[in-house]
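J.: Residue numbers (full-length UniProt numbering): 1 to 76.
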Amino acid sequence: MKATADEIRAIIEETGTTADVAQLDEGMNFSDAGIDSLESFNILLGVEEKFGITIPEEQTEGLNSITAIIACLEKH
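1) Alpha carbons only, please: which of Ser-37, Val-21, Thr-4 is nearest the one belonging to Asn-64?
2) Taking Cβ positions, are residue 77 and Ser-40 nearer each other than 8 Å?
3) Near Glu-13, which residues of its chain fall below 7 Å by C-beta distance, leaving aside the five closest residues on each side in sequence?
4) If you run the structure through DSSP and keep just helix, strand and coil, what is Gly-52?
5) Ile-43: buried (16+ other C-beta within 10 angstroms of its C-beta) or exposed?
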């Protein structure tokens with residue numbers, strides 16, 4: 001499944017995060033950008049909903065950047 005960084009950024013913005021999404025580098029860890037664990041969870045829910053997939057719980061721990069989410073989606 002193909003996803004772009006802009007699509008993931010849009011999902012992040014939809015979570016209502018206070019982090020500056022426009023300044024979020026693709027490889028930057030979400031926690032370094034000020035995105036907390038609840039927001040990270042909501043980002044993954046948004047990704048699942050937008051792309052119609054279910055990410056197994058054991059795969060979610062490392063999904064803490066735009067790059068990691070895109071790599072995960074490419075496997076689905």
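Glycine included, every Cβ here is placed at the ideal spot set by N, Cα and C. Values in this document were obtained by computation on a predicted structure and should not be read as measured data.
T.: So, from the listed chains and residues:
1) Ser-37
2) What the structure shows of the chain is the stretch from 1 to 76, and residue 77 is not part of that stretch, so it cannot be assessed.
3) Val-21
4) coil
5) buried
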